[in-house]
Amino acid sequence: MSESLHVTRNGSILEIVLDRPKANAIDAKTSYEMGEVFLAFRDDPELRVAIITGAGARFFSAGWDLKAAAEGEAPDADFGPGGFAGLTELFDLDKPVIAAVNGYAFGGGFELALAADLIVCADNASFALPEAKLGIVPDSGGMLRLPKLLPAPIVNELMMTGRTMDAQEALRWGVVNRVVEQEALMATARELANEISQSAPLALAAIKEIYRETGELSVEQGYAHIRSGQLKHYPSVLHSEDALEGPAAFAEKRDPVWQGK
1 MSESLHVTRN
11 GSILEIVLDR
21 PKANAIDAKT
31 SYEMGEVFLA
41 FRDDPELRVA
51 IITGAGARFF
61 SAGWDLKAAA
71 EGEAPDADFG
81 PGGFAGLTEL
91 FDLDKPVIAA
101 VNGYAFGGGF
111 ELALAADLIV
121 CADNASFALP
131 EAKLGIVPDS
141 GGMLRLPKLL
151 PAPIVNELMM
161 TGRTMDAQEA
171 LRWGVVNRVV
181 EQEALMATAR
191 ELANEISQSA
201 PLALAAIKEI
211 YRETGELSVE
221 QGYAHIRSGQ
231 LKHYPSVLHS
241 EDALEGPAAF
251 AEKRDPVWQG
261 K
């Protein structure tokens with residue numbers, strides 16, 4: 001495994017720590033390695049939830065490694081499977097990912113966090129998309145995902161000025177799920193991951209699939225699409241063993257035993 005990534009398994013939960021001092025910036029090589037980790041997570045039936053965080057208490061990630069850029073790495077370099085940071089373009093990942101933002105999440109670091117399904121951040125965390133001030137644009141998902149979360153004037157301000165949004169502002173806008181003290185960050189992320197892992201894996205996959213497939217549709221169009229038979233996970237979950245196990249476990253007052261089928 002790369003020296004820049006520390007990957008550990010805790011039961012059904014995968015923890016990924018980005019460790020590239022001083023700012024956990026991501027070059028093409030590291031991005032490619034992150035993509036391989038997320039692909040392995042996607043394809044491992046024993047894993048249910050992933051947590052991505054940065055080493056230390058100051059930087060989640062400063063985004064694209066500008067030193068690599070200065071040495072000739074192009075903005076459209078091959079960043080590997082899953083796009084930049086291995087997650088921003090991994091559209092067939094139907095397992096939840098939690099970003100535990102431990103500090104600055106700037107540029108591609110913010111875009112990595114936005115590509116996760118949930119964000120828990122430390123109270124010292126802050127977010128920014130400063131690309132315009134560097135002569136580039138936040139095209140690793142920032143321009144696409146942030147407008148789905150925030151009003152257009154706020155998105156424009158953040159992207160056109162590159163200003164920083166602190167943890168409390170991110171919480172007010174609904175960009176993050178929780179803000180906690182730095183010391184409680186990973187415990188909170190793990191608690192959330194454990195809670196999610198108690199849900200049926202096929203149901204989680206169907207939730208992500210339906211959200212992805214119907215996000216741009218009207219409610220009526222969304223209903224038509226999920227009932228069209230074109231989705232992969234939604235029809236499967238309706239006729240799965242887990243769909244029988246859930247009500248049975250509830251009636252018998254016991255914890256369900258999910259089979260993922």
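So the sequence shown is numbered by full-length UniProt numbering: it starts at 1 and just counts up by one. We treat Cβ as the ideally placed atom computed from N, Cα and C, and that holds for glycine.
Exercise for the section: Compute the Euclidean distance between the alpha carbons of Gly229 and Gly222, then round it to the nearest angstrom. Expected result: 12 Å
Handout entry: Buried versus exposed call for Ser4 [16 or more other C-beta atoms within 10 Å across all chains shown]
Key = buried
Problem - Contacts around Glu157, its chain only, beta-carbon distance under 8 Å, and the 5 residues preceding and following it disregarded - result: Arg163
Handout entry: Pair within 8 Å by beta-carbon distance, Ala122 and Val180
Key = yes
Practice task
Pick out the complete beta strand (DSSP E) segments inside the region 144-185, 3 residues or longer, and give them in chain order.
Solution key: 178-180
Handout entry: Proximity to Pro138 [Cα-Cα], best of Glu241, Leu18, Leu204 and Phe110
Key = Phe110
Problem - DSSP state of Leu112 mapped onto helix, strand, coil - result: helix
Handout entry: Nearest residue (CA-CA) to Glu216, options Pro247, Ala187, Arg178 and Leu144
Key = Leu144
Handout entry: Under the three-state DSSP convention, the category Val49 falls into
Key = strand
Exercise for the section: With a threshold of 16 other CB atoms inside 10 Å of the CB of Ile52, please say whether the residue is buried or exposed. Expected result: buried
Exercise for the section: Grab the span of the beta strand (DSSP E) containing His6 for me, first residue to last. Expected result: Leu5 to Asn10
Exercise for the section: Give, in chain order, every unbroken run of the alpha helix (DSSP H) that is at least 4 residues long and sits entirely within the region 198-224. Expected result: 201-214
Problem - Cβ contact (3+ pairs, closer than 8 Å) linking the region 97-110 and the region 61-75 - result: yes
Problem - Cα-Cα separation between Ala68 and Ala77, rounded to whole angstroms - result: 11 Å
Practice task
Can you have a look at Val37 and say buried or exposed, based on whether 16 or more other CB atoms are within 10 angstroms of its CB?
Solution key: buried
Handout entry: Close Cβ partners of Met34 (< 6 Å) along its chain, the five nearest in sequence each way excluded
Key = Ala85 and Gly86
Practice task
In angstroms with no decimal places, state the Cα-to-Cα distance between Ala248 and Asp242.
Solution key: 10 Å
Handout entry: Gly135 - DSSP class collapsed to helix/strand/coil
Key = coil
Exercise for the section: Kindly indicate the opening and closing residues of the alpha helix (DSSP H) around Leu238. Expected result: His233 to Leu238
Exercise for the section: Could you check if Phe91 is buried or exposed, using at least 16 other CB atoms within 10 Å of its CB as the buried criterion? Expected result: exposed
Handout entry: Alpha carbon of Ser126 to alpha carbon of Ala99, nearest angstrom
Key = 13 Å
Practice task
Compute the distance between the beta-carbons of His233 and Ala206, then report whether it is under 8 Å.
Solution key: yes
Exercise for the section: Please list, in chain order, all residues of the same chain as Gly80 whose beta carbon is under 6 Å from its beta carbon, the five residues on each side excluded. Expected result: Ser31, Tyr32 and Gly35
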